[in-house]
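In my numbering, the protein residues as written are 7 to 166.
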């Protein structure tokens, strides 16, 4: 299959749809969280708090350029079951207030001075992941459909 059977970028652009993000801790334990994100420039971008001065498992993975997995999905059977599953290396990013604002504006009702203060806080870090490998699949009417897979970031079904 040379392309997905649904518009992946449209899925990623849906407001308020979170990503499930997974990695492993430095000790090899699994870590899983739902996160706000924006998909831009062929990457997933996240803004994650630093808890009690210690980085979350996701920030530690980004600091060490380790693998993370991301899934963005809808599940409203029988007609709207779509999944994008991807994995790739994470990295820490420089503070980019405009990008952080775009992340938050997908989920909050309106930008405010409090949100601007939160976005600028040193208590959270911007990080991203490259979707080097993955799959996109939909199940209209809960019927099985072909799965689109990629193993190279240039083949990813989104790149805006």
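Beta carbons are placed, not taken as given, at the ideal position from N, Cα and C, and that holds for glycine. Every value quoted in this text rests on a predicted model; they were computed, and no experiment measured them.
Alpha-carbon spacing of residue 153 relative to residue 144, whole angstroms: 8 Å
Residue 64 (DSSP reduced to helix, strand or coil): helix
Short of 7 Å in beta carbon distance, which residues of its chain neighbour residue 68, apart from the five on each side in sequence? Order them along the chain. Excluding residues within five positions, the ones whose Cβ falls inside 7 Å are 96, 97, 98, 133.
Is residue 159 closer than 8 Å to residue 129 when the C-beta atoms are compared? no
Exposed or buried, residue 63, counting other C-beta atoms within 10 Å across all chains shown (16 or more means buried)? buried
Roughly how many angstroms lie between the CA atoms of residue 53 and residue 35, to the nearest whole one? 22 Å
By DSSP's criteria, residue 140 is part of a beta bridge. Which residues make up the other side? DSSP lists 92, 156 as partners of residue 140.
Which of helix, strand or coil DSSP assigns to residue 97: strand
Alpha carbon of residue 15 to alpha carbon of residue 140, nearest angstrom: 14 Å
Report the residue from 102, 122, 40, 155 whose alpha carbon sits nearest the alpha carbon of residue 78. 40
With a 10 Å radius around its C-beta and 16 neighbouring C-beta atoms as the bar for buried, classify residue 10 as buried or exposed. buried
Rounded Cβ spacing between residue 43 and residue 109 (contact assumed at less than 8 Å): 6 Å
From this set, 104, 71, 91, which residue's C-alpha is nearest residue 31's C-alpha? Ranking 104, 71, 91 by Cα distance to residue 31 puts 71 first.
Give me the Cα-Cα distance between residue 162 and residue 37, rounded to the nearest whole angstrom. Those two C-alpha atoms are separated by around 25 Å.
Alpha carbon to alpha carbon, how far is residue 85 from residue 57? Give it in angstroms, no decimals. Going by C-alpha positions, residue 57 is about 40 Å away from residue 85.
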